[in-house]
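Numbering (numbering that gives the first Met the number 0), first residue to last: 0 to 498.
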Amino acid sequence: MINDPTRSTQHSALSTPAVRVRIAPSPTGLPHIGTFRTFLFNWLFARQKGGAFVIRIEDTDRARLIPGAIEALTEAVRWFGLDWDEGPEVGGPYGPYLQSERLPTYHEQVERLVRDGRAYRCYCTPERLDALRAEQQARKEPPGYDRLCRDLTDIERARRDAAGEPSVVRFAVPLDGSTTFQDLIHGDVTWENRVLDDFVILKSDGYPTYHLAHLVDDHVMEITHVLRGDEWISSTPRHMLLYEALGWVPPIFAHLPAILGPDRKKLSKRHGPTGIAAFQEAGYLPEALLNYLGLCGWSPGTDQEIFSLKELVEQFSLERVNQTGAIFDHAKLDWFNGVYIRAMGPQELAVRLRPFLGETAGMLDDDALMAISGLFQDRLKTLGEARELMDFFFVDRLEYQAAMLIQKGMTVAQTIEGLRRSAVLAAEIASFDPEALESAYRVLTDELGLKPLQLFMSIRVASTGMTATPPLFATMAVLGRERCLRRLTAAVERLSGSM
RNA sequence: GCCCCCGUCGUCUAGUGGCCCAGGACGCAGCCCUUUCAAGGCUGAGAUCGCCGGUUCGAAUCCGGCCGGGGGUACCA
Numbered sequence: 000m001i002n003d004p005t006r007s008t009q010h011s012a013l014s015t016p017a018v019r020v021r022i023a024p025s026p027t028g029l030p031h032i033g034t035f036r037t038f039l040f041n042w043l044f045a046r047q048k049g050g051a052f053v054i055r056i057e058d059t060d061r062a063r064l065i066p067g068a069i070e071a072l073t074e075a076v077r078w079f080g081l082d083w084d085e086g087p088e089v090g091g092p093y094g095p096y097l098q099s100e101r102l103p104t105y106h107e108q109v110e111r112l113v114r115d116g117r118a119y120r121c122y123c124t125p126e127r128l129d130a131l132r133a134e135q136q137a138r139k140e141p142p143g144y145d146r147l148c149r150d151l152t153d154i155e156r157a158r159r160d161a162a163g164e165p166s167v168v169r170f171a172v173p174l175d176g177s178t179t180f181q182d183l184i185h186g187d188v189t190w191e192n193r194v195l196d197d198f199v200i201l202k203s204d205g206y207p208t209y210h211l212a213h214l215v216d217d218h219v220m221e222i223t224h225v226l227r228g229d230e231w232i233s234s235t236p237r238h239m240l241l242y243e244a245l246g247w248v249p250p251i252f253a254h255l256p257a258i259l260g261p262d263r264k265k266l267s268k269r270h271g272p273t274g275i276a277a278f279q280e281a282g283y284l285p286e287a288l289l290n291y292l293g294l295c296g297w298s299p300g301t302d303q304e305i306f307s308l309k310e311l312v313e314q315f316s317l318e319r320v321n322q323t324g325a326i327f328d329h330a331k332l333d334w335f336n337g338v339y340i341r342a343m344g345p346q347e348l349a350v351r352l353r354p355f356l357g358e359t360a361g362m363l364d365d366d367a368l369m370a371i372s373g374l375f376q377d378r379l380k381t382l383g384e385a386r387e388l389m390d391f392f393f394v395d396r397l398e399y400q401a402a403m404l405i406q407k408g409m410t411v412a413q414t415i416e417g418l419r420r421s422a423v424l425a426a427e428i429a430s431f432d433p434e435a436l437e438s439a440y441r442v443l444t445d446e447l448g449l450k451p452l453q454l455f456m457s458i459r460v461a462s463t464g465m466t467a468t469p470p471l472f473a474t475m476a477v478l479g480r481e482r483c484l485r486r487l488t489a490a491v492e493r494l495s496g497s498m
């Protein structure tokens, strides 16, 4: 074993720190499309580098917790066909993966910062803070904590603690100097420390704020790269200061561009449903959504648009992530979805379509459903719109205006005669397949002195109740002789009755 | 207000000093195919590269200023 020749290779692989990335959602809402783009990029990066992808739940905001949020997240991840190496349900060697279970660690670090004079207890009430902010705004001063408690004496602090006064812990930001961090996507970003105020790191309920908690976790979990939304850029200098005070090496940062609504503001519910579930219910395919999201903020530098997950893993690179926010383009997503629907095999389409169809459709066997869905494959943008388009296959009685049967340049009598003869033909034709139907009906068109468009559209309306359908004779073949006959006859009766 | 980020067709983007009077995709328009609707094929409209100055023989690409948009400025994340 000791002489195992692979040993040295393994060793050098170990000495190069493996990539470890994470997504750190807070369970304060349902999984959001923007969260998933960040999720995707982290996942792609981890898989490409052969690293670990961690899910960590940031549940330090106890007031806004939503029950079931974690389950909704993991369910959505599975729907996408993605996975995670450590986190909820699967655990891992760097747990706990729930911040609420790591409180002692945060307290330990906070105490260390206080002891080192890098943080201090603050007894200011929310009321005083509100008033302060209002005052500053009125005077057009930059809002921010005025550091009232920063220079309290030890005796004063001891007195107020003993009196049971609630307090938070604030980080003592250096009064001068500047802080710079390097971002893989944005380059160097620098702040003057004096524009930063003494932010809270431990709340009065004993929970850490995001600023402290995520940073302690990232360190303890040995996270190597932080890929997060660019709304975090402005808090990053605080994080750098914290790393410095704690004596830890910060990870590598890459701030991802935001996904925007049509008004160029960060995408939110105001722009319509943004939850993963909404896309799922509307009949978007996970692979199409993933493809679209992969191109939301990243581009391969080639003309390729259609990517399998495997190709995304191979080609993704942080260097090619854009700096500019991207407006979420529903029309383009629809196009992607259509591309993926068209690329499916017939039986797969039927299987994936079934949950979107009503109960009547549920009675159909796979072959019957496959025949129907095949007719619509080129016409669907989402699975969700199938039900309405296919409805005439599932209902007994068609609902349509009788006038729709009569085409331009046709009299009522001509229409009745056309439909009557069409019914006779449907009853008598030897083989009810598309080719036979088409040639027979073309002959009938000539006999009646009508244009194909006229007769065919009348038959279309009579047998489907719609003016836009898949090719008529293929549709009729799937409907079957009996139903076509019944519907043609019914159309004749309706028109005759209206005369 | 202050700080930070960003700024190429309507949208997503290619483009890192000459190959660009700017390429691709979605969307849009027209034509072809055609029994309708799609799909597919072809063609087209669409960007004085936010603006102004500078550097350079030459700038979408480099520099400066300005303007515009976004984000942050919480005991939210």
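Just so it is clear, CB atoms sit at the ideal spot from N, CA and C, and this is done for glycine as well. Note that the coordinates shown come from a computational prediction; the quantities given were computed from them, not determined experimentally.
Within 10 angstroms of the beta-carbon of glutamine 136 lie fewer than 16 other beta-carbons, which makes it exposed. When rounded, the separation of the alpha-carbon atoms in alanine 490 and arginine 36 is 52 Å. Taken atom to atom, the span from the alpha-carbon of tyrosine 209 to that of leucine 284 is near 34 Å.
Here the alpha carbon of cysteine 123 sits roughly 10 Å from the alpha carbon of glutamate 164. In the three-state reduction of the DSSP assignment, glycine 228 falls in the strand class, which pools E and B. Under the three-state reduction of DSSP output, alanine 118 falls in the strand class.
Shown here, histidine 254 sits in a strand according to DSSP, grouped into three states. The C-beta distance from isoleucine 65 to proline 26 rounds to 6 Å, short enough to fall under 8 Å. Between asparagine 321 and alanine 287, the C-beta spacing is not below 7 Å. Going by beta carbons, alanine 51 and aspartate 82 fall outside the 7 Å limit. Judged by DSSP in its simplified three-state form, valine 167 adopts strand. About 6 Å separates the beta carbons of arginine 120 and valine 168, which is inside the 8 Å limit, making them a contact pair.
Shown here, glutamate 85 sits in a strand according to DSSP, grouped into three states.
Annotation: aspartate 60 is outside any beta strand (DSSP E) and is labelled neither H nor E by DSSP.
Contact annotation: phenylalanine 252 and valine 225 have beta-carbon atoms nearer than 7 Å. If you draw a straight line from the Cα of glutamate 134 to the Cα of tyrosine 206, it comes to about 29 Å.
Under the DSSP assignment, aspartate 182 falls in the beta strand (DSSP E) whose first and last residues are 177-182. In the same chain as glutamine 453, and ignoring 5 residues on each side of it, the C-beta atoms closer than 6 Å to its own belong to Gln406, Met409, in chain order. Taking a cut-off of 8 Å on C-beta distances, the region 351-369 does not touch the region 311-325, as fewer than three cross pairs fall below it. In this structure, arginine 19 lies near glutamate 221, with their beta-carbon atoms less than 7 Å apart.
Rounded to the nearest whole angstrom, the CA to CA distance from leucine 388 to valine 350 is 17 Å.
Just so you know, the alpha carbons of threonine 34 and arginine 127 end up roughly 35 Å apart. By the neighbour-count criterion, in which 16 or more other beta carbons inside 10 Å mark a residue as buried, methionine 475 falls on the buried side. Glycine 67 and leucine 29 have their alpha carbons spaced roughly 9 Å apart. Its chain contains His218 as the residues whose beta carbon lies nearer than 7 Å to that of tryptophan 247, once the 5 sequence neighbours on both sides are disregarded; these appear in chain order.
Leu43 is the residue among Ile22, Ile415, Phe38, Leu43 whose C-alpha sits nearest the C-alpha of leucine 308.
When the five nearest sequence neighbours on each side are left out, the beta carbons in the same chain lying within less than 6 Å of the beta carbon of histidine 238 are those of Leu214, in order along the chain.
According to DSSP, aspartate 187 shares a beta bridge with Gln181. CA-to-CA, the gap between leucine 447 and proline 433 works out to about 21 Å. By the neighbour-count criterion, in which 16 or more other beta carbons inside 10 Å mark a residue as buried, isoleucine 340 falls on the buried side. Judged by DSSP secondary structure, valine 312 falls within the alpha helix (DSSP H) whose first and last residues are 308-314. A direct Cα-to-Cα measurement between proline 236 and leucine 211 gives close to 13 Å. Put simply, the backbone Cα of histidine 270 is about 12 Å away from that of aspartate 328. One alpha carbon belongs to valine 194, the other to arginine 158, and they sit about 32 Å apart. In the same chain as aspartate 262, and ignoring 5 residues on each side of it, the C-beta atoms closer than 8 Å to its own belong to His270, in chain order. Per DSSP, arginine 263 lies in no beta strand (DSSP E) segment and is marked neither H nor E.
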